[in-house]
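These notes concern the structure reproduced below.
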DNA sequence: GTTTATTCTGTGTACGTTCACAGACTCTCA
DNA sequence: TGAGAGTCTGTGAACGTACACAGAATAAAC
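Protein chains in written order, with UniProt numbering: chain L, 1 to 340; chain E, 1 to 340.
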């Protein structure tokens, strides 16, 4: 007669205790690396753990410890953005690496509809996570409110404009834009313009401010075209506008790589050579940057660093440490390629 | 004197019971939508839940139910792939959507080093997840072995060559390649070649097989160039080789969009016009396809469908249902753009 | 040899659920 | 009226762990 190979029950701390001839408490102390365990007992318990194949039950541990050892990673974007924004994948990876290093698990929470919002809010209230990382929060975001009400340790990647006092990690758009523009000026360009984009966002406004900083007295508002989005088509339109207004233009700072790629097309159409006639720089070091002809000089987004930084900010709070006020601003190295 | 705003304790099922004047059991029945609850009691309990802000504690529930309501999403790739492969993000999204619809949570487990392998193996053994979705498993993968040993419900996105009997979801590379090639032939091309890539992978071999199927007797091995990787540079090299061997070539099936983009460059260098002189088709419908000049005709990868399919496969096993043998092969629509 | 400190160990309780069981209350029908 | 079926409700376990506490063993000091 063949016995049914019933799903073998997992070994508990009690099984280990019996096997090693000690009590639950002592096993618990060994498992949690606490002092006051004799060498004998420790050896016996370690052997017993190995023998019965013991792995601590997380649910039981969570229940008694009142924490889950998990951190939520909330992305509040339409699905399509995951495709378009190559950074989100790297942010996720960076956060995941930092969290797992600290023995925390990362749970992906993706919000794409109002139904999702409710589900995630419920999830957060359920104590499933000890903290959250929020990517691209919206202004007056319901999730942000839930998190605030629960007092959950939080870190934002990029910060919502209405919540300057919560911990966040971002890049210093203004300083980076300034450095990039200065480098462009150093190559001998005389008439440098900018295609500014998304001025309703912090990032867009700060990049323009950095450009203005770099030009100082030489700033000429006639050399700035403003487009609504960080998009290819917007770049084409913005460049045409600049060419019309200032045909003698010889340098362009595009607010993003996609915008820069569009600018390249408009310049090509207008018969200008890049970089000979006009130098072009982008921002983001996205996939665009390496695929344009010539490849773009741009500013590298330290995406995985952003993720790791946000994770670290959450972990700090979890450990009860203070977080830096005003957020964490990351360095953004300039990548010089062929376009300027 | 100001009282310390102590972290407010979460309401338990017991609090609800007291508030509603019933017992824990009855509340549990309402929460879990079980029958045999009077209308009175139900109303009182629902009001009480609202009032005390009760949300079930997952750890306690997991402990007694012996399950976690979570599914692991395992990606076994170097970090860089997350950047390069736009599909992984969509697969993740598709899986996440399907799982959360069934009230399961998705936990991201990314393996990038041997240390990660050990960590994830330990995690899986810890009963943190009820099932797993594995993306791009390797041959003889230690994680696959752990999963098998634990008898964890599993689904692969794309299947490792050595595990044909486990549930998987993939695309029908062969049929898709055949359909694409036939369509290319239908446009009147006489000498159609292929840049085959990654023949050591299922996908690469199947795409070549589909090409061969479509050509039938007209197949000419002289018109096939084989390159090691799905990469741009490989596409350039492959196309040069084909042009040298068969200068009269007027159609090319590139094994991926990246390869096709490389082929486009090689054709441009050789002074051939696309699509007038040579028709080019790619595979994947990746970001490349829309950025080349002209944009590529290609086969669309139903990435989010793959994720959703894998999730469904795991959920089926979780419900105790049978899974389709031989895996799930998804339809791949042809996207006809300017390159052929 | 007694006291005192130090190291080690076992036990009971609590965490917040679900589930099986037993009992109470309503109906219906003979 | 009483038996039986169907509906509803409360109670006591159990899940596997951490932690506080009490107590035993050992070592050190007088």
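For each residue, glycine too, the CB sits at the ideal point set by N, CA and C.
Using 7 Å as the cut-off, classify the Cβ of residue i as near or not near the heavy atoms of the ligand SAM, replying yes or no.
i, result
"residue 91 of chain L", "Among the ligands in the structure shown, none appear at all, so the ligand SAM cannot be discussed."
For a contact meaning CB atoms closer than 7 Å, what does residue i contact in chain L?
i, result
"residue 110 of chain E", "93 and 96"
"residue 100 of chain E", "119"
Are the C-beta of residue i and some C-beta of chain L separated by less than 8 Å?
i, result
"residue 58 of chain E", "yes"
"residue 289 of chain E", "no"
"residue 126 of chain E", "yes"
Please list, in chain order, the chain E residues whose beta carbon lies closer than 8 Å to that of residue i.
i, result
"residue 177 of chain L", "Per Cβ cutoff of 8 Å: no residues; residue 177 of chain L is ~24 Å from chain E at best."
From the beta carbon of residue i, is the nearest beta carbon of chain E less than 8 Å away?
i, result
"residue 190 of chain L", "no"
"residue 122 of chain L", "yes"
"residue 338 of chain L", "no"
"residue 316 of chain L", "no"
"residue 330 of chain L", "no"
Could you name the residues of chain E that residue i contacts, counting a contact when the two beta carbons are closer than 7 Å?
i, result
"residue 296 of chain L", "Ordered by position in chain E, no residue passes the 7 Å Cβ test against residue 296 of chain L, which lies about 13 Å from the chain."
"residue 10 of chain L", "127"
Can you pull the chain E residues whose beta carbon is under 9 Å from the beta carbon of residue i, in chain order?
i, result
"residue 63 of chain L", "57, 59, 60, 62 and 63"
"residue 107 of chain L", "70, 105, 106, 107 and 108"
Identify which residue in the options has its Cα closest to the Cα of residue i.
i, options, result
"residue 93 of chain E", "L/76, L/105, L/97 and L/98", "L/76"
"residue 61 of chain L", "L/190, L/277 and L/13", "L/13"
"residue 281 of chain L", "L/308, L/247, L/292 and L/340", "L/340"
"residue 227 of chain L", "L/238, L/248 and L/218", "L/238"
"residue 176 of chain L", "L/200, L/247, L/211 and L/190", "L/211"
"residue 207 of chain E", "E/256, E/231 and E/249", "E/256"
"residue 49 of chain L", "L/19, L/39 and L/67", "L/19"
"residue 335 of chain E", "E/184, E/309, E/189 and E/99", "E/184"
"residue 187 of chain L", "L/135, L/172, L/250 and L/198", "L/250"
"residue 423 of chain L", "L/17, L/254, L/34 and L/43", "The structure shown does not extend to residue 423 of chain L, since chain L spans only 1 to 340, so no value can be given for it."
"residue 310 of chain L", "L/11, L/191 and L/135", "L/135"
"residue 44 of chain E", "E/26, E/36, E/261 and E/195", "E/26"
"residue 97 of chain E", "L/89, L/110 and L/141", "L/110"
"residue 173 of chain E", "E/199, E/154 and E/167", "E/199"
"residue 193 of chain L", "L/108, L/142, L/153 and L/247", "L/247"
> Would the segment 270 to 287 of chain E and the segment 116 to 127 of chain E be scored as touching if the rule is three or more Cβ pairs under 8 Å?
Replying inline: No, because fewer than three Cβ pairs between the segment 270 to 287 of chain E and the segment 116 to 127 of chain E fall closer than 8 Å, the two stretches do not touch.
> Unbroken beta strand (DSSP E) runs of length 3 or more, entirely within the segment 62 to 127 of chain E: which are they?
Replying inline: Listed in chain order, the complete beta strand (DSSP E) runs (minimum 3 residues) inside the segment 62 to 127 of chain E are 70 to 76 and 105 to 111.
> Of all the beta strand (DSSP E) runs that stay within the bounds of the segment 191 to 247 of chain L, which reach a length of 3 or more residues?
Replying inline: Fully enclosed beta strand (DSSP E) runs of 3 or longer: 192 to 197 and 224 to 227.
> Does the pairing of the segment 143 to 154 of chain E with the segment 293 to 304 of chain E give three or more beta-carbon distances under 8 Å?
Replying inline: By the Cβ rule, the segment 143 to 154 of chain E does not count as touching the segment 293 to 304 of chain E, because fewer than three pairs are nearer than 8 Å.
> Touching or not, the segment 213 to 224 of chain L and the segment 239 to 246 of chain L, by the rule of three or more beta carbon pairs under 8 Å?
Replying inline: Yes, the segment 213 to 224 of chain L touches the segment 239 to 246 of chain L.
>> Check whether the segment 122 to 136 of chain L and the segment 54 to 68 of chain E are in contact - that is, three or more C-beta pairs closer than 8 Å.
In response: At 8 Å Cβ cutoff, the stretches touch.
>> Measuring CB atoms only, is the segment 176 to 192 of chain E touching the segment 153 to 160 of chain E, in the sense that at least three cross pairs come out at less than 8 Å?
In response: As far as the Cβ criterion goes, the segment 176 to 192 of chain E does not touch the segment 153 to 160 of chain E, which means the pair count is below three.
> What runs of the alpha helix (DSSP H), each 4 residues or longer, lie entirely inside the UniProt domain "HTH lacI-type" (11 to 65) of chain L?
Replying inline: Note on the UniProt domain "HTH lacI-type" (11 to 65) of chain L: whole alpha helix (DSSP H) runs with a minimum of 4 residues are 13 to 20, 24 to 31, 39 to 52 and 58 to 65, in chain order.
> Mind pulling the beta strand (DSSP E) runs of 3 or more residues that sit fully within the segment 247 to 335 of chain L?
Replying inline: Restricting attention to beta strand (DSSP E) runs no shorter than 3 residues, the segment 247 to 335 of chain L encloses them at 251 to 254, 279 to 281 and 328 to 330, ordered along the chain.
> Is the segment 311 to 318 of chain E touching the segment 258 to 266 of chain E, taking contact as three or more C-beta pairs under 8 Å?
Replying inline: Segments in contact, no.
>> Would the segment 62 to 72 of chain L count as touching the segment 101 to 111 of chain L if we require 3 or more Cβ pairs under 8 Å?
In response: Judged by Cβ distances under 8 Å, the segment 62 to 72 of chain L makes contact with the segment 101 to 111 of chain L, as three or more pairs qualify.
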